[in-house]
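Notes follow the structure.
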Amino acid sequence: MDPGQLLVIAGPCVVEAPDLMMEVGEKMKQWCFERGIRYIFKSSYTKANRTKAESPSGPGLQDGLRILSHVRERLGVDLLTDVHSADEASAAAEVVQILQVPAFLCRQTPLLQACARACRTINVKKGQFLAPEDMLEAVEKIRRIRPDAEVLLTERGASFGYRNLVVDMRSLVLLRQMPALTIYDATHSLQHPGVGGDRRFARPLTRAALAAGAEGIFLEVHPDPEQALSDQTTQLPLESVPAFLDEMAELRRFLWDRETQSEDEE
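Set out below in structure tokens:
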């Protein structure tokens with residue numbers, strides 16, 4: 001990735017019908033290319049942490065990876081998906097280019113090590129219960145297995161009482177100091193865990209995150225969020241994404257220019 005280039009990781013929360021996945025992937029690829037943004041398609045083959053037992057959790061490992069493989073073959077984009085157990089890592093890494101460790105599992109040493117053995121690029125979500133400084137341990141667990149690993153660290157909010165998340169922007173400043181790429185999760189951070197969320201805050205919080213040091217944005221998008229299989233209240237409507245990308249790409253360029261200008265003056 002070029003210095004100063006914005007990275008966007010985006011797609012439906014969970015793997016859905018192939019046609020829907022292709023619709024999202026095609027449009028996101030085009031919109032990001034037009035704006036000079038590096039794009040990675042994301043979706044989960046399994047959501048193992050749904051609140052209710054009857055909630056849709058995705059097609060599962062085999063069918064989910066088959067659909068993701070179809071997206072890559074047709075669109076030629078890099079893929080990201082999350083793994084919930086160490087024994088899934090190798091199979092997932094045969095299809096996707098980035099493995100993701102979910103926030104609730106970010107301290108699980110066997111999972112981090114399995115991902116490091118299977119894949120060179122790993123995105124670790126910061127747990128809602130964890131101080132940003134503690135994420136350095138996750139980076140070190142990965143690099144002990146694979147010294148050349150490319151690690152992404154994603155801020156997705158901290159628990160603030162029951163059913164509420166708050167994004168402490170200081171966290172992004174601290175994560176930026178680590179040997180990893182700093183990402184802000186613009187949609188999961190809007191959740192009211194267990195009961196819903198509020199997508200109205202996606203744009204203002206993403207602006208603040210970029211200003212605080214985020215180098216990339218993670219977001220979930222869907223053609224019709226109200227009909228999505230999960231995260232209906234926080235996924236962004238696909239039709240709203242171009243304006244979102246316009247604003248964030250422009251802001252990222254402005255911040256990068258100011259940052260490099262300050263370095264030159266020093």
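Oh and the sequence shown: position 222 is 222 in UniProt numbering, straight run, nothing missing. All C-beta atoms, glycine included, are put in the ideal place defined by N, C-alpha and C. Note that the structure is predicted; figures quoted are calculated from it, not measured.
_Range of the contiguous beta strand (DSSP E) that encloses K141_ = The residue labelled residue 141 in the question sits at position 141 within the sequence shown. Where K141 is concerned, there is no enclosing beta strand (DSSP E), although the alpha helix (DSSP H) it sits in stretches over 135 to 145.
_Nearest-angstrom Cβ-Cβ length linking I217 and A243, presumed shorter than 8 Å_ = Within the sequence shown, the letter at position 217 stands for residue 217. Within the sequence shown, the letter at position 243 stands for residue 243. Wrong, their Cβ atoms sit about 14 Å apart, outside the cutoff.
_According to DSSP, is V166 part of a helix, a strand, or is it coil?_
In the sequence shown, counting from the first residue as 1, residue 166 sits at position 166. Strand at V166.
*Give the straight-line distance between the Cα atoms of G76 and I9, rounded to the nearest whole angstrom.*
By one-based count along the sequence shown, residue 76 stands at place 76. By one-based count along the sequence shown, residue 9 stands at place 9. If I take the Cα positions, the gap works out to 15 Å.
*Evaluate contact between the stretch 145 to 162 and the stretch 114 to 123, counting only Cβ atoms and requiring at least three cross-stretch pairs below 8 Å.*
yes
*Who are Q100's beta bridge partners in DSSP?*
Start at 1 with the first residue of the sequence shown, and residue 100 comes out as number 100. DSSP lists D82, N123 as partners of Q100.
_Given this structure, state the Cα-to-Cα distance separating Q62 from S240, to the nearest angstrom._
As a position in the sequence shown, residue 62 is number 62, starting the count at 1. As a position in the sequence shown, residue 240 is number 240, starting the count at 1. If I take the Cα positions, the gap works out to 32 Å.
_Considering Cα atoms alone, identify which of A131, L219, S262, T260 is closest to C106._
In the sequence shown, counting from the first residue as 1, residue 106 sits at position 106. Checked all of A131, L219, S262, T260; the closest Cα to C106 is A131.
*From this set, F254, D198, L136, which residue's C-alpha is nearest L210's C-alpha?*
Indexing the sequence shown from 1 puts residue 210 at position 210. Answer by Cα proximity: F254.
*For V96, count neighbouring C-beta atoms within 10 Å of its own C-beta (all shown protein chains included) and say buried if the count is 16 or more, exposed if not.*
The residue labelled residue 96 in the question sits at position 96 within the sequence shown. Classification for V96: buried.
*Residues near S126 by beta carbon distance below 8 Å, same chain, minus five either side*: Taking the sequence shown and counting its residues from 1, the one referred to as residue 126 is at position 126. As written in the sequence, residue 126 is Lys, which differs from the Ser given in the question. Once the five neighbours on either side are set aside, the close Cβ partners of K126 are A103, C106, P132, M135, L153, T154, E155, R156, S171, L175.
_Tell me the DSSP secondary structure of K29 in three-state form._
Sequence index remark: in the sequence shown, residue 29 carries index 29 (1-based). If DSSP states are grouped into helix, strand and coil, K29 belongs with the helices.
*Roughly how many angstroms lie between the CA atoms of I80 and S262, to the nearest whole one?*
Walking along the sequence shown from the start, residue 80 turns up at place 80. Walking along the sequence shown from the start, residue 262 turns up at place 262. For the sequence presented, residue 80 should be read as Leu rather than Ile. Whole-angstrom Cα-Cα distance: 34 Å.
*asked:* Can you confirm whether the stretch 84 to 94 touches the stretch 21 to 34 when touching is taken to mean that 3 or more C-beta pairs between the two stretches lie within less than 8 Å?
replied: no
*asked:* Using CA atoms only, rank isn't needed, just tell me which of Q235, P179, V14, T182 is closest to R200.
replied: On the sequence shown, position 200 is the one that residue 200 refers to. Considering only alpha carbons, the answer is Q235.
_DSSP three-state assignment for R258, whether helix, strand or coil_ = The residue labelled residue 258 in the question sits at position 258 within the sequence shown. In this structure, R258 counts as helix in the three-state DSSP scheme.
*Does the separation of the CB atoms of E150 and T121 fall below 7 Å?*
Against the sequence shown, residue 150 aligns to sequence position 150. Against the sequence shown, residue 121 aligns to sequence position 121. Closer than 7 Å, so yes.
*Can you list the alpha helix (DSSP H) stretches of 4 or more residues lying completely in the stretch 158 to 227, in chain order?*
170 to 176, 202 to 212
*Take D206 as the anchor and find which of V167, S230, P179 has the nearest alpha-carbon.*
The residue you call residue 206 lines up with position 206 of the sequence shown. Per the sequence shown, residue 206 should be read as Thr rather than Asp. With distances taken between Cα atoms, T206 lies closest to V167.
*asked:* On the DSSP bridge list, what partners appear for R74?
replied: Position 74 of the sequence shown, counted from the first residue, corresponds to residue 74. The partner list for R74 (beta bridge, DSSP) is empty, contrary to what the question assumes.
*Taking H188 as the reference, which of T260, A202, D257, A180 has the closest Cα?*
As a first step, residue 188 must be located in the sequence shown, where it is residue number 188. Among T260, A202, D257, A180, the Cα nearest to that of H188 belongs to A202.
_Beta-carbon proximity list for W256, same chain, < 8 Å, skipping 5 on both sides_ = Reading the sequence shown from its first residue, position 256 is the one you call residue 256. The residues are P3, G4.
*Identify, in the order they occur along the chain, each residue of the same chain with its Cβ nearer than 7 Å to the Cβ of G64, setting aside the five sequence neighbours on each side.*
On the sequence shown, position 64 is the one that residue 64 refers to. Only V15, Y45, T46, G58 meet the Cβ criterion.
_N- and C-terminal bounds of the beta strand (DSSP E) containing T233_ = In the sequence shown, the residue the question calls residue 233 occupies position 233. Note, T233: premise wrong, no beta strand (DSSP E); not H, not E.
*Do you know how far the Cα of G213 is from the Cα of D19?*
By one-based count along the sequence shown, residue 19 stands at place 19. By one-based count along the sequence shown, residue 213 stands at place 213. Approximately 36 Å between the Cα atoms of the pair.
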